[in-house]
Each structure stands twice: as C-alpha cells, then as structure tokens.
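See structure below.
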Amino acid sequence: MSNDNQTEAIGEVWFLLSEDEQPMGRIYRRDGEPSPQDGLRFAHGDDGQEVEIVSFRELSPTCMMRRFQIVVRVVG
Numbered sequence: 085m086s087n088d089n090q091t092e093a094i095g096e097v098w099f100l101l102s103e104d105e106q107p108m109g110r111i112y113r114r115d116g117e118p119s120p121q122d123g124l125r126f127a128h129g130d131d132g133q134e135v136e137i138v139s140f141r142e143l144s145p146t147c148m149m150r151r152f153q154i155v156v157r158v159v160g
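Heads up, the working numbering is the position in the sequence shown plus 84, with the first residue counted as 1.
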C-alpha cells in the first residue's frame, strides 16, 4: 500500500509589518520557496491584496525554521 500524501516541511516563517510597524500577520513558507528579497511582490490576506517587501531582517531560527521580520507596503 502506497501513501500518496506527502507533507512538505515548513522552512521559513515571515512576520509581516506595515511601514508604520503595525502587525499584518505571518506567512509560512515551504522548503524550496524563495527567501525574502527587497521589492518582491506577493498576494497577502483574505482579499489577496498585493504587497511589496520594503525591508527585512532575519531573526534567530527556531525549531529548524528560518524566521524573518518583513516590512511591506500595500501596492494593489
């Protein structure tokens, strides 16, 4: 019997902040997905609003996960 269900490891967690330092939630990223970079745009939130990374810094890792604090700007 084979198991076709495979779990993908979470490799990173991004803690999102607005430019005025208000929390905007977090995103879990799977191993192999791109790490943050300035100018990267992605959809975020229930309404899928487009945001752009303004700046980021890596926090100390925990439980084998890389962690980032990321400042974003809403562009869409």
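For glycine and all other residues, C-beta sits at the position ideal for the given N, C-alpha and C.
Separation of residue j from residue i, as counted between CA atoms
i      : j      : result
His128 : Glu134 : 6 Å
Arg151 : Asp131 : 24 Å
Gln153 : Arg114 : 17 Å
Asp122 : Trp98  : 14 Å
Met148 : Ile111 : 16 Å
Glu138 : Glu92  : A small correction: the amino acid at residue 138 is Val; Glu does not occupy that position in the sequence shown. In a straight line, the C-alpha of Val138 is about 28 Å away from that of Glu92.
According to DSSP, residues forming a beta bridge with residue i
i      : result
Leu30  : In the structure as shown, the chain starts at 85 and stops at 160, and residue 30 therefore has no counterpart that could be examined.
Leu143 : Arg151
Best match in the options for proximity to residue i [C-alpha to C-alpha]
i      : options                       : result
Val158 : Pro145, Glu136, Met148, Glu96 : Glu136
Leu143 : Phe126, Pro120, Gly160        : Pro120
Continuous beta strand (DSSP E) stretch holding residue i: start and end
i      : result
Ala127 : 125-128
CB contact check: residue i to chain D, cutoff 7 Å
i      : result
Leu100 : This model lacks chain D altogether, as it is built from one protein chain only.
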